[in-house]
Amino acid sequence: LRMGATFFLRMEWMTKANGKIYLTETGFDGFLAEPDKIYNGKAAKHLHHYTLKPGLIDHPYGSILMFDPVTNEMTALLPGGSGTTFPSKHLSNPDAITTVEKNGKTFLIIQEDIFNSNRGRASDAALMEKNNVNEIYWLDLSIAKPTIDDLQRFVTAPLGAETSGGTFIKGNSRYYFFNIQHPSRNNPAPFNKSCTVVIDLGK
């Protein structure tokens, strides 16, 4: 950053598919790009849209980014936020990410890690309880310009829980592993305990 490097807002996981690298940017509410935080760094191009005024970037839902190593370009493939049927679909604060090939198509599997329940990131009921609801979505990478409406909901975590660590065994696209972390103690059993889940996606 001291040399003027590009900065992003809370980068998380990355994965590769079809010659591209896909990254998750969790985002941040009202980030103050003060000199002692960014030095001479420059905000990534897609963050200009979220700049409220010089030095203040509000990117509450994060983005799925795509890097093309051939052209050396980084683009926002899918900005977080609501779809046309809000609140039925809303992507907030993507974190873990992986890919899988099924039926001749490549999919991103995106896990949320919501850091606050306000601003539409969770239902009104969850907001009242000051809890988060994290979900896992699939995105078909054959869609040239995907929107939130193109996401397919795969998992809804128990109230208060984060889903994390989503992965497949190398060379095997049948079994998807992920973790349920720190669900609310007030959830009914067994949804009040952390666990590792394995889903059989079939051959």
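Residue numbering for the sequence shown follows our numbering, beginning at 3 and increasing consecutively.
From the three backbone atoms N, C-alpha and C, an ideal C-beta is built for every residue, glycine too.
Item                                                                                                        : Value
Start and end residues, alpha helix (DSSP H) containing Pro-81                                              : Per DSSP, Pro-81 belongs to no alpha helix (DSSP H); it is in the beta strand (DSSP E), 75-81.
Whole-angstrom C-beta distance between Lys-44 and Thr-8, which should lie under 8 Å                         : 6 Å
Limits of the unbroken beta strand (DSSP E) element including Pro-96                                        : 96-104
Proximal residues to Met-16 (C-beta, below 8 Å), its chain only, five neighbours per side dropped           : Ile-23, Tyr-24, Leu-25, Thr-26 and Ile-99
Start-end ranges of the beta strand (DSSP E) lying completely within the region 115-192, minimum 3 residues : 137-142, 154-158, 164-170 and 177-183
Exposed unless 16 or more other CB atoms sit within 10 angstroms - verdict on Val-72                        : exposed
Beta carbon of Tyr-177 nearer than 9 Å to that of Arg-121                                                   : no
Per DSSP, cross-strand counterpart(s) of Glu-27                                                             : Met-13 and Ser-65
For Leu-3, three-class secondary structure by DSSP                                                          : coil
Beta-bridge pairing of Leu-58 - partner residues as DSSP gives them                                         : Leu-34 and Lys-55
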